[in-house]
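Protein chains in written order, with full-length UniProt numbering: chain A, 1 to 399; chain B, 1 to 399; chain C, 1 to 399.
Right, one structure below, let's go through it.
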Amino acid sequence: MATPAGGGAALCGPLLDYKTEKFALTRNRRVGLLHRLLQLAVLGYVLGWVFVVRRGYQDTDAAPRVSVVTKLKGVSVSRPEDARRRLWDAADFSRPPQGENVLFLVTNFIVTDRQVQGTCPESPSVLDGICMEDVDCSVGNPVVHGNGIKTGRCVMFNSTHSTCEIFGWCPVENDTLPRKPLLAEAENFTLFIKNTVNFTKFNFSKGNTLQTNDPTYFKTCMYDPFFSPSCPVFRIRDMVEAAGETFGALALMGGSISVRIEWDCDLDWPAAHCQPRYSFILLDRRYNFRTASYYWDSKRQHYRSLLKLYGIRFDISVHGQAGKFGIIPAAVSFGTGIAFLGTATIICDMVLLYLDAKADLYWKEKFEEAKPPKGKKAAAAEAQRAGQDLGDAQQCALE
Amino acid sequence: MATPAGGGAALCGPLLDYKTEKFALTRNRRVGLLHRLLQLAVLGYVLGWVFVVRRGYQDTDAAPRVSVVTKLKGVSVSRPEDARRRLWDAADFSRPPQGENVLFLVTNFIVTDRQVQGTCPESPSVLDGICMEDVDCSVGNPVVHGNGIKTGRCVMFNSTHSTCEIFGWCPVENDTLPRKPLLAEAENFTLFIKNTVNFTKFNFSKGNTLQTNDPTYFKTCMYDPFFSPSCPVFRIRDMVEAAGETFGALALMGGSISVRIEWDCDLDWPAAHCQPRYSFILLDRRYNFRTASYYWDSKRQHYRSLLKLYGIRFDISVHGQAGKFGIIPAAVSFGTGIAFLGTATIICDMVLLYLDAKADLYWKEKFEEAKPPKGKKAAAAEAQRAGQDLGDAQQCALE
Amino acid sequence: MATPAGGGAALCGPLLDYKTEKFALTRNRRVGLLHRLLQLAVLGYVLGWVFVVRRGYQDTDAAPRVSVVTKLKGVSVSRPEDARRRLWDAADFSRPPQGENVLFLVTNFIVTDRQVQGTCPESPSVLDGICMEDVDCSVGNPVVHGNGIKTGRCVMFNSTHSTCEIFGWCPVENDTLPRKPLLAEAENFTLFIKNTVNFTKFNFSKGNTLQTNDPTYFKTCMYDPFFSPSCPVFRIRDMVEAAGETFGALALMGGSISVRIEWDCDLDWPAAHCQPRYSFILLDRRYNFRTASYYWDSKRQHYRSLLKLYGIRFDISVHGQAGKFGIIPAAVSFGTGIAFLGTATIICDMVLLYLDAKADLYWKEKFEEAKPPKGKKAAAAEAQRAGQDLGDAQQCALE
């Protein structure tokens with residue numbers, strides 16, 4: 001009987017009927033035990049590895065905003081073989097002076113004073129400059145990896161070598177390096193690295209320096225991971241040795257060291273637990289560059305002082321990651337881990353259907369045949385067969 | 001009857017049989033309604049949160065290639081107490097001059113002219129330099145955080161202080177800062193920041209400057225997020241105030257400001273909608289460094305002019321993210337969200353099997369026992385029992 | 001009979017019973033075939049796209065630690081219109097000289113020698129400096145985008161222009177650029193880029209230079225992607241042309257080129273297969289900055305030499321990604337791909353239940369009604385109906 005309410009129910013009915021999957025309940029204790037063990041294994045993986053070890057319940061920010069300011073301090077006296085002794089302080093040995101995250105400390109140098117524009121013999125250490133006679137020096141061409149343009153003449157550099165005459169800054173640089181680094185005391189210099197990281201996702205900032213009102217604290221302390229982790233003052237020699245080299249070897253021809261500051265902050269703990277780790281990696285065993293200062297003398301002549309500086313280049317890079325509990329990452333990690341339970345079911349089904357003794361029975365129980373319906377005649381025939389079976393059974397009973 | 005075709009069908013048969021899960025269709029409207037509500041909730045989460053708010057249907061590129069070029073402009077007159085007035089322009093106050101993403105603007109300075117290598121008293125502001133008599137100054141050791149190497153003599157610095165005599169650049173720097181910043185007009189200087197981001201995944205580039213042929217546009221405009229968002233010219237005072245400080249306070253001892261440019265581009269909209277956001281964060285309240293210029297006088301003596309520069313360091317960092325519709329992220333987000341429907345089923349099954357009034361019945365319907373087959377005797381006995389039940393029923397009917 | 005062991009079994013029993021899902025086994029070959037085809041498609045996607053093309057079985061590290069050191073080499077003779085010819089070498093044209101990842105090569109310049117602090121007419125190319133009479137020049141105000149502070153007087157700059165007199169570095173710069181780049185030979189200079197990447201997740205480092213003991217190798221080779229891929233020495237002209245410009249056009253007003261080094265390493269192959277790719281992108285067509293050198297003449301007057309340098313700015317950025325087989329990423333990729341098999345099942349179920357000819361039958365097979373149990377009277381009535389049906393059938397048979 002279709003009433004209006006009944007009509008609505010007829011419409012809603014199929015929509016609100018709840019369909020639940022059917023299961024075959026086997027009493028197979030062996031496969032059941034295997035299933036429970038696999039489920040425990042998955043649960044152990046999810047709770048142990050994903051949650052506890054990998055902190056999968058946390059939201060992460062792996063791209064902090066980073067700021068680095070550095071300051072080199074120290075003094076060293078250099079005594080070049082053919083010059084007076086000279087003191088170098090931070091304004092002299094640290095290039096560039098601004099204190100950025102890439103800085104250079106001079107440890108050795110070759111100085112060529114009072115170069116003026118003119119003609120002179122090329123250096124004999126330049127291959128393309130060696131010559132026997134004028135025709136070896138093609139006029140107007142630059143000397144390959146040399147110091148000037150060839151004038152076309154081959155002249156004597158000294159008693160043993162002849163080189164092409166060039167137009168350029170004269171006299172050319174004498175490329176012979178001092179046998180010992182000229183600023184050997186630089187090993188006792190200190191580098192102060194002030195670093196701030198800001199994890200914008202959590203609005204959390206932290207610096208690597210102690211919050212103190214004592215202006216002399218950073219002038220007296222030195223970094224120690226246990227006793228003074230918030231004093232980022234490093235001795236140059238300590239950094240070079242941490243990178244696996246000796247200062248003397250690196251100071252002669254220069255080198256390049258990467259200073260890595262790594263932050264791994266768990267923001268579910270107090271902020272004080274979040275301290276950076278410093279590591280020092282040797283990148284290169286040679287490093288040098290040339291720089292010039294320009295002068296005018298009293299006769300209005302322009303000249304320059306060329307410095308080939310060898311030293312240690314420090315490349316400070318900061319990497320950080322912060323994590324904090326978040327309901328969505330926790331749910332997603334849990335769900336992704338729990339999805340592995342499906343693997344447990346697949347394995348147990350395989351065992352049940354292919355390996356178990358009663359596999360055939362379980363197969364028939366699991367996969368019920370869907371038979372198409374038969375006509376009335378066939379139904380009557382089946383009933384007749386059923387009745388005959390019953391009659392036979394009754395007869396046997398009555399007999 | 002096994003025919004060749006039949007043999008092939010016998011092989012393919014089991015492979016092509018389609019197995020579909022069986023469900024128990026309960027007429028439980030309550031649990032059905034709960035199920036539909038939970039499904040609507042999951043669908044709402046997927047469409048509302050994952051798709052609309054978090055734009056989960058988009059492919060993202062969060063690592064653009066970035067380029068920053070800057071230019072400082074302005075002039076300021078400094079009037080040091082003991083020197084003539086002097087005008088500073090961009091070539092003077094901006095270090096380094098190349099216009100990189102880290103730049104420094106001088107706002108205050110201490111100048112020590114005409115330093116030459118020699119011996120002189122250490123500065124009284126250096127703790128390790130203070131002495132009473134010669135034995136306090138160990139010859140040959142550098143003054144800790146000082147300006148030179150001790151000569152072993154304790155000399156008078158002025159009428160009130162005695163300090164160790166040192167070998168170094170003399171006279172030493174007088175560390176007394178002017179009471180007001182010497183380049184106070186620097187607050188009206190302007191910083192032009194030209195920034196380009198390139199999202200390589202989508203081959204999409206955008207700059208933060210207006211595409212214009214008018215060479216005077218950037219000389220007259222100033223940044224405004226509504227009226228001139230494509231004119232990245234910022235006044236120094238505005239940037240400092242946006243960072244939460246006053247220019248006068250920061251200019252005296254220097255400071256450090258981080259300029260963050262953030263791009264969040266939705267490439268499903270026209271490119272013109274993609275504009276950067278600028279924010280200014282104060283990193284530090286002190287910043288200074290020393291730099292030197294070297295000279296030769298007419299008597300061939302080498303001397304230098306030492307400048308201790310205080311000022312504001314600008315650290316420009318660019319971060320960006322672009323998203324564009326992608327069929328695979330859309331499918332993955334949809335699938336991951338839809339997977340939560342499984343949770344709805346689990347909850348409703350729990351309610352049906354443990355909380356509902358007819359829970360026992362539903363349990364039996366859901367979990368059918370898989371019984372092993374019985375022998376013929378047991379089958380006959382069962383048929384007999386069935387027959388007896390039927391006979392009893394018939395007798396009742398006939399009576 | 002409840003024994004202790006039996007009690008334990010009674011407790012454990014329900015826990016260890018294994019429940020397996022029931023399936024309806026249809027003999028519907030059409031839907032079965034569709035199902036297998038969809039399964040093959042999903043498998044093909046997982047193995048082909050996810051595993052082979054996207055290398056989904058690999059753990060990835062997309063944030064390597066990067067180090068870049070550069071060196072510019074070459075010489076060029078400049079012949080300014082009103083000055084003697086002068087040779088420029090690397091110490092002259094490369095700013096800054098340290099060889100960082102952002103470097104500048106001078107190709108053109110305007111030099112203003114011997115500027116001293118004083119008063120002089122402003123440049124006529126500055127808009128705010130143009131005047132007719134003194135009242136146009138408000139004393140004490142800086143000239144907007146100019147070179148000094150107005151003194152309040154309007155003076156003649158030359159026979160055609162009158163400009164405000166300013167206090168600043170005098171004489172002001174003459175902003176007229178030479179018609180040809182003064183360092184045109186810079187196109188033959190070479191840039192050596194030494195780059196190291198370190199993928200910390202796999203503890204794998206690689207550099208872009210050949211490991212060789214021959215100190216002259218890098219002085220003679222040039223980069224070629226096939227013949228010398230480990231010689232990162234690039235000619236300036238080649239880089240500019242690779243960026244789509246001609247050197248002459250870029251050298252006049254300067255420009256900015258981004259050099260991108262991209263590493264894509266598959267660590268399941270030998271390390272030698274991992275070579276970087278270089279690409280050059282033009283960022284800007286103008287680039288210049290001003291820098292000054294300061295001097296003292298014999299009369300103790302401070303003066304400076306102002307250089308407006310035009311040139312090409314090279315911005316070297318390194319990006320890299322490394323992948324190595326990992327069991328967990330392989331399992332997760334496989335699982336995530338296999339999850340799509342559920343879609344195949346959903347589609348086939350839809351076809352079976354809505355599109356197939358025997359859809360009704362399959363519906364009834366799939367969704368078994370869960371009926372509540374009836375009372376004894378109803379059971380008897382049902383048996384009676386069953387018996388009557390049987391009796392009718394028997395009667396028909398016997399007749």
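Virtual Cβ for every residue (Gly too), placed ideally from N, Cα, C.
Which value, in whole angstroms, describes the spacing of the CA atoms of residue i and residue j?
| i | j | result |
| --- | --- | --- |
| A:L87 | B:K299 | 20 Å |
| B:A370 | A:E368 | 12 Å |
| C:C137 | C:C170 | 18 Å |
| B:G148 | B:I281 | 38 Å |
| residue 410 of chain C | C:S333 | With chain C covering only 1 through 399, there is no way to say anything about residue 410 of chain C. |
| A:P96 | A:K71 | 11 Å |
| B:A184 | B:A251 | 7 Å |
| A:A357 | A:Q39 | 23 Å |
| C:D61 | C:R304 | 51 Å |
| A:R27 | C:P14 | 9 Å |
| C:G337 | A:L341 | 16 Å |
| A:R153 | C:N108 | 30 Å |
| A:P329 | C:A330 | 21 Å |
| A:L309 | A:V106 | 6 Å |
| C:L307 | B:S317 | 29 Å |
| C:Y287 | B:F192 | 13 Å |
| C:I346 | A:I347 | 22 Å |
| B:A378 | A:V53 | The predicted model places B:A378 with a pLDDT of 49, which falls under 50 and marks its position as unreliable; any figure quoted below should be read in that light. Roughly 58 Å separates the two Cα atoms. |
| C:R114 | C:G168 | 13 Å |
| B:R235 | C:V155 | 30 Å |
Sort out for me which residues DSSP pairs residue i with in a bridge.
| i | result |
| --- | --- |
| B:M156 | B:S162 |
| A:S123 | DSSP lists no partner for A:S123. |
| A:H302 | A:W296 |
| A:K194 | A:V69 |
| A:R290 | A:K308 |
| C:K201 | According to DSSP, which records beta bridges pairwise, C:K201 is partnered with nothing at all. |
| A:A322 | A:D61, A:C265 |
| A:V111 | A:L307 |
| B:C170 | B:V116 |
| B:G207 | B:T196 |
| B:P142 | B:I149 |
| B:R313 | B:F104, B:S256 |
My guess is that residue i and residue j are in contact by the Cβ rule of under 8 Å, so how many angstroms apart are they, rounded?
| i | j | result |
| --- | --- | --- |
| B:T151 | B:E165 | 5 Å |
| B:C221 | B:V240 | Rounded, the Cβ-Cβ distance is 20 Å, inconsistent with contact. |
| C:C231 | C:F218 | 7 Å |
| C:A91 | A:A292 | 4 Å |
| B:V68 | C:D284 | Incorrect: roughly 11 Å between the Cβ atoms, too far for contact. |
| B:Q58 | B:G335 | Wrong, their Cβ atoms sit about 16 Å apart, outside the cutoff. |
| B:V111 | B:D89 | About 17 Å; that fails the 8 Å criterion. |
With a cut-off of 8 Å, do at least 3 Cβ pairs link the region 265-272 of chain B to the region 203-216 of chain B?
Yes, the region 265-272 of chain B is in contact with the region 203-216 of chain B.
Uninterrupted beta strand (DSSP E) stretches inside the region 19-104 of chain A (no shorter than 3 residues)
Listed in chain order, the complete beta strand (DSSP E) runs (minimum 3 residues) inside the region 19-104 of chain A are 23-26, 58-61, 65-73, 76-78, 86-88.
Sufficient close CB pairs (3 or more, under 8 Å) joining the region 313-322 of chain B to the region 188-203 of chain B
A contact is defined here as three or more CB-CB pairs under 8 Å, and the region 313-322 of chain B meets this definition with respect to the region 188-203 of chain B.
Check whether the region 172-188 of chain A and the region 111-127 of chain A are in contact - that is, three or more C-beta pairs closer than 8 Å.
In short, these stretches touch, since the Cβ pair count reaches three.
So within the region 213-288 of chain C, which uninterrupted alpha helix (DSSP H) runs reach at least 4 residues, ignoring any that extend past its ends?
List check, alpha helix (DSSP H) in window: 217-220, 236-242, 247-253.
What are the uninterrupted segments assigned as beta strand (DSSP E) that are 3 or more residues long and contained completely in the region 315-371 of chain A, given in chain order?
Here the runs fully enclosed are 367-369.
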